[in-house]
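Trainee: Numbering (my numbering), first residue to last: 768 to 1191. A virtual CB, placed ideally from N, CA and C, is assigned to each residue, including glycine.
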Ligand SMILES: Cc1ncc(COP(=O)(O)O)c(C=O)c1O
């Protein structure tokens, strides 16, 4: 509770104390927050607890949202806090845009760094994964003939930046084809090992694929790459917030993500990580006043920017803190198991996602045999108010089901029943 007071109250009052809320309004907000946080910290973790969490998210009534992989949603607490930050900004624009929230920004950096088990001097507060991948790909000083390895499951936001910024220099983008359902991590590492040549300079890989939710073994690939002096860049759009991440342990050089997916922050906020020794290789995408800054902050030097949303990330991290990252991870895996078990004995469904927990988590892609995924998805939406993503690439013809903590087992039962009816 002390944490919440510090965050929300300080953020709204700002350094010079220009309050946009009356003391009574501020007290009411605090009381609401106290009750919420006490409930979130409850030691009784049962289905009732998760139903309460579901009610705190602002999704439309009746909508079953299995599409967090496309875009996340926010708890009401984060929406309210962000709205307050917007009002505060508009009450005194010049003060808050340029300096009034510096301390709060630094608090967010620290919170994010703690969550990812790295130093705050390695974290920049950016807008999204697309920006982070552009920053990496535009920075690399590669020479004609040198190579960058990408997997065949990279998102366009992690492939096009390499194409755009580097191909004209005559570098080669080499695609490493991954098994759709690897038997183990080593099979994936081996594919990269075999693709490395003396000209390979960077391996740029997705952490959790947006296609079938496969987790790539970033730690093992980074260890192997570093033995050859190769840099490793990771697109963490789908992994950050889905499960616990220790970047120090993963050992990659760069990692970037969008907090509007699995962290449940407002939209247009993301995080960028660069190992301290790897920062010197980066060049800011945007330069303006303050460009001489030598710290990681030079990669978030936008002048005017979306500060209320960024501060909303602070509220989202604070909300998650109350639940606990471990509890969030366990719930994601619990929902995964519940969903897979529910369809396990039904031959009409084929999972296109590896089953083992070190190879997949909160994204599961499932095919309804004999049906087109786009048609199944349309029926789910039109007849059941279920949203998920049809996936046709990589011969998947499957439905990408995202299992985030605002879903209950009842929601999964509802989805499974709908799928069985549609399967016929
Ligand atoms: C794996 C992956 N990378 C990158 C992106 C791009 O994210 P953003 O639009 O937030 O930059 C996505 C979005 O779905 C994604 O799934």
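Bridge partners of residue 1134, per DSSP?
Mentor: In the DSSP output, where bridge partners are listed per residue, residue 1134 has 1117.
Trainee: Output the residue ranges of the beta strand (DSSP E) runs that lie fully inside the stretch 1006-1089 and measure 3 residues or longer, sorted by chain position.
Mentor: Whole beta strand (DSSP E) segments, 3+ residues: 1021-1025 and 1037-1041.
Trainee: Please look up how many angstroms separate the CB atoms of residue 1036 and residue 1026, rounded, as I've assumed it's under 8 Å.
Mentor: Confirmed, Cβ separation roughly 5 Å.
Trainee: So if DSSP puts residue 1094 in a beta bridge, which residue, or which two residues, is it bridged to?
Mentor: Looking at the DSSP assignment, residue 1094 forms no beta bridge with any residue, so it has no partner.
Trainee: Please classify residue 931 as buried or exposed, where buried requires at least 16 neighbouring CB atoms within 10 angstroms.
Mentor: Counting Cβ neighbours within 10 Å, residue 931 comes out exposed, since fewer than 16 surround it.
Trainee: Check whether the Cβ of residue 891 lies closer than 7 Å to any heavy atom of ligand 1, and answer yes or no.
Mentor: Not under cutoff, so the answer is no.
Trainee: Closest by CA to residue 1030, which one among 845, 833, 1001 and 822?
Mentor: The option with the nearest alpha carbon to residue 1030 is 845.
Trainee: Grouping DSSP H, G and I as helix and E and B as strand, with all else coil, what is residue 786?
Mentor: Here residue 786 scores only 49 on pLDDT, less than 50, and its place in the model should not be relied on; the value that follows carries that caveat. Coil.
Trainee: Does the Cβ of residue 977 lie closer than 7 Å to at least one heavy atom of ligand 1?
Mentor: Flag set: Cβ of residue 977 near ligand 1.
Trainee: Secondary structure at residue 808, three-state DSSP: helix, strand or coil?
Mentor: It is coil, neither helix nor strand.
Trainee: Write down the C-beta distance between residue 1125 and residue 982 rounded to the nearest angstrom, noting that I regard them as a contact closer than 8 Å.
Mentor: Between residue 982 and residue 1125 the Cβ distance is about 7 Å, and since that is below 8 Å, they are a contact.
Trainee: Where does residue 843 fall in DSSP's three states?
Mentor: Residue state, collapsed to three classes: helix.
Trainee: Starting from the C-beta of residue 1043, find all residues in its chain whose C-beta is less than 8 Å away, skip the five residues before and the five after it, and write them out in chain order.
Mentor: So the qualifying residues of the chain are 886, 888 and 889.
Trainee: Please classify residue 778: does DSSP put it in a helix, a strand, or coil?
Mentor: Helix.
Trainee: Which two residues bound the contiguous beta strand (DSSP E) that contains residue 1193?
Mentor: No information on residue 1193 is available, as it lies outside the stretch 768 to 1191 that the chain covers here.
Trainee: Shortest alpha-carbon distance to residue 918 belongs to which of 1069, 975 and 1020?
Mentor: Answer by Cα proximity: 975.
Trainee: Would you kindly check if the distance between the Cβ of residue 1154 and the Cβ of residue 832 is under 8 Å?
Mentor: Against a cut-off of 8 Å, the Cβ pair of residue 1154 and residue 832 comes out as a contact.
Trainee: Apply the 10 Å Cβ neighbour rule to residue 829 and answer buried if 16 or more other Cβ atoms are within range, or exposed otherwise.
Mentor: Flag for residue 829 reads exposed.
Trainee: Would you say residue 924 touches ligand 1, meaning its beta carbon is less than 7 Å from a heavy atom?
Mentor: Within the cutoff, so yes.
Trainee: With a threshold of 16 other CB atoms inside 10 Å of the CB of residue 951, please say whether the residue is buried or exposed.
Mentor: That one is exposed.
Trainee: Could you spell out where the alpha helix (DSSP H) holding residue 928 opens and where it closes?
Mentor: It spans 923-933 - the alpha helix (DSSP H) in which residue 928 sits, taken as one unbroken run.
Trainee: Hey, residue 1143 and residue 1110: beta-carbon distance below 8 Å or not?
Mentor: Going by C-beta atoms, residue 1143 is not nearer than 8 Å to residue 1110.
Trainee: Please name the residue in 912, 942 and 911 whose C-alpha comes closest to that of residue 925.
Mentor: The option with the nearest alpha carbon to residue 925 is 942.
Trainee: So does the stretch 893-902 actually touch the stretch 858-878, counting three or more Cβ pairs closer than 8 Å?
Mentor: Taking 8 Å as the limit for Cβ pairs, the verdict is that the stretch 858-878 does not touch the stretch 893-902.
Trainee: Give me the Cα-Cα distance between residue 1073 and residue 1084, rounded to the nearest whole angstrom.
Mentor: Roughly 17 Å between the two C-alpha positions.
Trainee: Pull up the distance between the alpha-carbon of residue 960 and that of residue 879, whole angstroms please.
Mentor: Each residue's Cα considered, the two are about 32 Å apart.
Trainee: Is residue 1005 close to ligand 1? I mean its beta-carbon at under 7 Å from any heavy atom of the ligand.
Mentor: Yes.
Trainee: Please tell me whether, using a cut-off of 7 Å, the distance from the CB of residue 1169 to the nearest non-hydrogen atom of ligand 1 is below it.
Mentor: Checking every heavy atom of ligand 1 against the Cβ of residue 1169, none is found closer than 7 Å.
Trainee: Give a yes or no on whether the C-beta atoms belonging to residue 1041 and residue 1020 are separated by under 8 Å.
Mentor: Cβ distance < 8 Å, so residue 1041 and residue 1020 count as in contact.
Trainee: With DSSP collapsed to three states, give me the class of residue 879.
Mentor: Reduced to three states, the DSSP call for residue 879 is helix.
Trainee: Please go through the same chain and pick out, in chain order, the residues whose beta-carbon is closer than 7 Å to the beta-carbon of residue 956, but skip the five residues on each side of it.
Mentor: For residue 956, where only same-chain residues beyond five positions count, the Cβ hits under 7 Å are 984, 987, 988 and 991.
Trainee: Following a CB-centred definition, is residue 1180 positioned closer than 7 Å to any heavy atom of ligand 1?
Mentor: No, ligand 1 has no heavy atom inside 7 Å of this Cβ.
Trainee: Kindly indicate the opening and closing residues of the beta strand (DSSP E) around residue 1158.
Mentor: Element bounds for residue 1158: 1156-1158.
Trainee: Could you give the distance in angstroms between the alpha-carbon of residue 892 and the alpha-carbon of residue 1112?
Mentor: Going by the C-alpha atoms only, they are around 45 Å apart.
Trainee: Output the distance between the C-alpha atoms of residue 1022 and residue 1180, rounded to the nearest integer angstrom.
Mentor: Their backbone Cα atoms lie some 35 Å apart in a straight line.
Trainee: Which one of 1162, 1172, 1189 and 1177 has the shortest CA to CA distance from residue 946?
Mentor: It is 1162.
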